[in-house]
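Down below is the structure, laid out as structure tokens.
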Amino acid sequence: MSCSSLPNYTLTNHALLEMQRRGLTEADVTTVLEAPEQSEEIRPGRCVYQCRLNWGDPSKTYLLRVFVDIDRDPPEVVTLYRTSKIQKYWR
Numbered sequence: 011m012s013c014s015s016l017p018n019y020t021l022t023n024h025a026l027l028e029m030q031r032r033g034l035t036e037a038d039v040t041t042v043l044e045a046p047e048q049s050e051e052i053r054p055g056r057c058v059y060q061c062r063l064n065w066g067d068p069s070k071t072y073l074l075r076v077f078v079d080i081d082r083d084p085p086e087v088v089t090l091y092r093t094s095k096i097q098k099y100w101r
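Going by the working numbering, the sequence shown opens with residue 11, and the numbers climb by one from there.
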């Protein structure tokens, strides 16, 4: 399976809780999954999609990482987070 863009997906309960806890929106998820800057299969059936996005005032660039089980129909967003450690995860 390949980690191609995902126009259709579902959010798990865990992903919804993490979005709320971390102040992320479904629009943020959609931005990453429809046009990821990078994607990688981290184990069979699970991909991580990531994009650099700006947040805050003043604006700061963060990496939003979205973990998706692609071996389901529709694919399921498992969890997501943003990090300032872009260099650590950028390939």
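Even for Gly, the Cβ is constructed at its ideal location relative to N, Cα and C.
Remember, predicted model here, so these are calculated numbers, not experimental data.
- [ ] Only counting runs of 4 or more residues, tell me where the alpha helix (DSSP H) segments fall wholly within the region 43-100, in order along the chain.
- [x] Counting only unbroken stretches of 4 or more residues, the alpha helix (DSSP H) elements lying wholly within the region 43-100 are 96-99, in sequence order.
Open item on the list: Quick check: what's the CA-CA separation for Y91 versus I80?
Closed with: Their backbone Cα atoms lie some 18 Å apart in a straight line.
- [ ] Could you please give me the residues that DSSP links to L21 through a beta bridge?
- [x] According to DSSP, which records beta bridges pairwise, L21 is partnered with V87.
Task: Pair within 9 Å by beta-carbon distance, E47 and C57 - done: With contacts defined as CB atoms closer than 9 Å, E47 and C57 fail to qualify as a contacting pair.
Task: Helix, strand or coil at L34 according to DSSP, with G and I counted as helix - done: Residue state for L34 is assigned as coil, using DSSP reduced to three classes.
Open item on the list: On the CB-based measure, 16 or more other CB atoms within 10 Å of its CB, does Y19 come out buried or exposed?
Closed with: Classification of Y19: buried, given that the 10 Å Cβ count is 16 or more.
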